[in-house]
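> Letter by letter, the sequence shown follows residues -16 to 67 of this note's numbering. The structure's right below; bear with me while I get my questions together.
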Amino acid sequence: MFARIRFPAIPFDTPLISLDVQRQAAQAYIASQRAEGWVCLPQRYDDGGFTGGNMDRPALGRLLADIEAGKVDLVVVYKVGCAR
């Protein structure tokens, strides 16, 4: 389980939050849900260099395939951008 989630301690408009910082924040949130059975998958679904609005991203494709295959049942997101 992984992707990106917004935390109140990190302002929404903070520029350039690195992928590593986003993952650390998501891992901390997932760890807080361990009692609910949540675990963080070791593989990463990072698409550095792509905008979130670009649906043709390699890691996004792998994530969607893993969801379809039943390997992922929940995605944690750091920040939800504008959906179109």
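Backbone N, C-alpha and C define an ideal beta-carbon position, used for all residues, glycine too.
Could you check if Gln7 is buried or exposed, using at least 16 other CB atoms within 10 Å of its CB as the buried criterion?
Answer is exposed; the Cβ neighbour count stays below 16.
> Hey, would you say Ala42 sits closer than 8 Å to Asp29, going by beta carbons?
Yes. Within cutoff.
> Is it true that the CB of Val63 sits closer than 8 Å to the CB of Ile13?
The answer is no: Cβ separation not under 8 Å.
> Taking only runs that begin and end inside the region -9 to 39, name each unbroken alpha helix (DSSP H) of 4 or more residues, in chain order.
List check, alpha helix (DSSP H) in window: 2 to 15.
> Does DSSP put Ala52 in a helix, in a strand, or in coil?
Three-state DSSP puts Ala52 in coil, outside helix and strand.
> Would you check if the distance between the CB atom of Gly31 and the CB atom of Leu2 is smaller than 8 Å?
Yes, they are a contact pair.
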